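This report concerns only the one structure given below.
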Amino acid sequence: MRDTMSFGKTILFSEMTPPAHEENKFNAWYDEEHIPLRVAIPGFVSAQRYLADGDDRNYLAVYEMDNLQVLKSKEYDIVKNQPSDLTKSMLSSVSGFTRYIGNLLGDQWRENVSNPLDQAQYLYAVFFTVPENELTEFDDWYTQDHVPILLECPEWLGTRRFEIIEAHPGTYNRLALHYLTTSEALNSSARAKARVTPWRDRLAAKPWFKGHYLVFKNHQNRQYSK
Numbered sequence: 108m109r110d111t112m113s114f115g116k117t118i119l120f121s122e123m124t125p126p127a128h129e130e131n132k133f134n135a136w137y138d139e140e141h142i143p144l145r146v147a148i149p150g151f152v153s154a155q156r157y158l159a160d161g162d163d164r165n166y167l168a169v170y171e172m173d174n175l176q177v178l179k180s181k182e183y184d185i186v187k188n189q190p191s192d193l194t195k196s197m198l199s200s201v202s203g204f205t206r207y208i209g210n211l212l213g214d215q216w217r218e219n220v221s222n223p224l225d226q227a228q229y230l231y232a233v234f235f236t237v238p239e240n241e242l243t244e245f246d247d248w249y250t251q252d253h254v255p256i257l258l259e260c261p262e263w264l265g266t267r268r269f270e271i272i273e274a275h276p277g278t279y280n281r282l283a284l285h286y287l288t289t290s291e292a293l294n295s296s297a298r299a300k301a302r303v304t305p306w307r308d309r310l311a312a313k314p315w316f317k318g319h320y321l322v323f324k325n326h327q328n329r330q331y332s333k
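Here it is, written out as structure tokens:
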């Protein structure tokens with residue numbers, strides 16, 4: 108198993124859509140100010156920006172951190188609560204804002220894949236709201252049945268699963284981030300196989316089994332802490 112600390116054990120997943128007339132300014136601000144300020148904070152590992160597949164203005168940023176305490180640090184408090192005038196202007200103009208904070212439950216990777224976060228060109232995000240009394244079976248199904256089959260697809264590099272501890276605007280408590288070299292992995296025979304197993308069918312018959320599915324492609328290069 109890969110050392111998960113090399114990727115961090117907490118993530119911040121945040122989407123926002125800039126006004127069309129300010130998109131270039133928004134991207135320059137995000138790449139040159141917003142992310143660099145955060146990855147300079149002790150405990151931040153890296154950050155990757157994405158663009159929703161099929162939507163040319165819905166942007167996502169995923170930040171990897173060592174642990175949840177990073178978001179409670181003095182350094183983060185200063186960056187978050189003492190924004191520049193440009194940051195205030197940009198954040199006041201965006202729409203579609205989401206913010207999810209998650210702690211790592213576990214990750215599973217294809218064998219002999221180095222630097223999968225850098226190799227992945229697409230991110231497939233899957234959210235669920237699972238009843239408390241169903242969490243054990245849901246987590247077991249995902250790790251023992253679902254992901255191993257998905258990894259039969261050569262383009263499916265791996266999966267990281269998180270317990271969501273802060274959600275806006277949804278009520279989700281589980282998030283799986285799937286790292287793909289191409290979006291065609293979503294049309295693979297392995298994914299089709301993973302969606303028709305007896306275990307999945309049993310869970311899918313339950314009224315709460317309604318996932319929220321998002322596909323993103325990389326936008327700009329990953330930024331790492333210094």
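In terms of my numbering, the sequence shown has 135 at position 28, counting the first letter as 1, and numbering is strictly consecutive.
All residues carry an ideal CB built from backbone N, CA and C; glycine is no exception.
No experiment lies behind these values; they were computed from the predicted model shown.
Taking the beta strand (DSSP E) that A117 falls in, what are its first and last residues?
Residue identity check: residue 117 is Thr in the sequence provided, not Ala. It spans 117–124 - the beta strand (DSSP E) in which T117 sits, taken as one unbroken run.
From the DSSP output, which residues share a beta bridge with D351?
What is shown of the chain runs 108 to 333, which leaves residue 351 out entirely.
What are the boundary residues of the beta strand (DSSP E) that E171 is part of?
166–172
Could you check whether the Cβ of M172 sits closer than 6 Å to any heavy atom belonging to the ligand COA?
Among the ligands in the structure shown, none appear at all, so the ligand COA cannot be discussed.
Let me make sure I understand the geometry here. Which of N210, V201, Q327 has the alpha-carbon closest to that of I272?
N210
Closer than 8 Å by C-beta to L264: which residues in its own chain qualify, once you throw out the five before and the five after it? Chain order, please.
W216, R217, V220, P223, Q226, A227, Y286, L287, T288
Which residues DSSP lists as bridging Q330, in chain order:
A154
Evaluate contact between the region 240–256 and the region 188–196, counting only Cβ atoms and requiring at least three cross-stretch pairs below 8 Å.
no
Whether or not the region 115–128 and the region 288–307 are in contact is what I'm after, with contact meaning three or more pairs of Cβ atoms, one per stretch, closer than 8 Å; do they touch?
no
With which residues is L232 paired in a DSSP beta bridge?
As written in the sequence, residue 232 is Ala, which differs from the Leu given in the question. Bridge partners of A232: L284, L321.
Below 8 Å on the Cβ atoms is my guess for R281 versus F316; work out the distance and round it to an integer in Å.
At roughly 11 Å, the Cβ-Cβ gap does not stay under 8 Å, so R281 and F316 are not in contact.
For my contact list, G213 and T250 are in at a C-beta cut-off of 8 Å; report their separation, rounded to the angstrom.
6 Å
Nonlocal neighbours in the same chain, by C-beta distance under 7 Å from P238, ignoring five residues either side
W315
Starting from the Cα of D308, find the closest Cα among H326, W248, F323, V146 and give me that residue.
W248
Please classify F316: does DSSP put it in a helix, a strand, or coil?
coil
Given a threshold of 16 other Cβ atoms within 10 Å of its Cβ, counted over all protein chains shown, does E198 qualify as buried or as exposed?
For the sequence presented, residue 198 should be read as Leu rather than Glu. Classification for L198: exposed.
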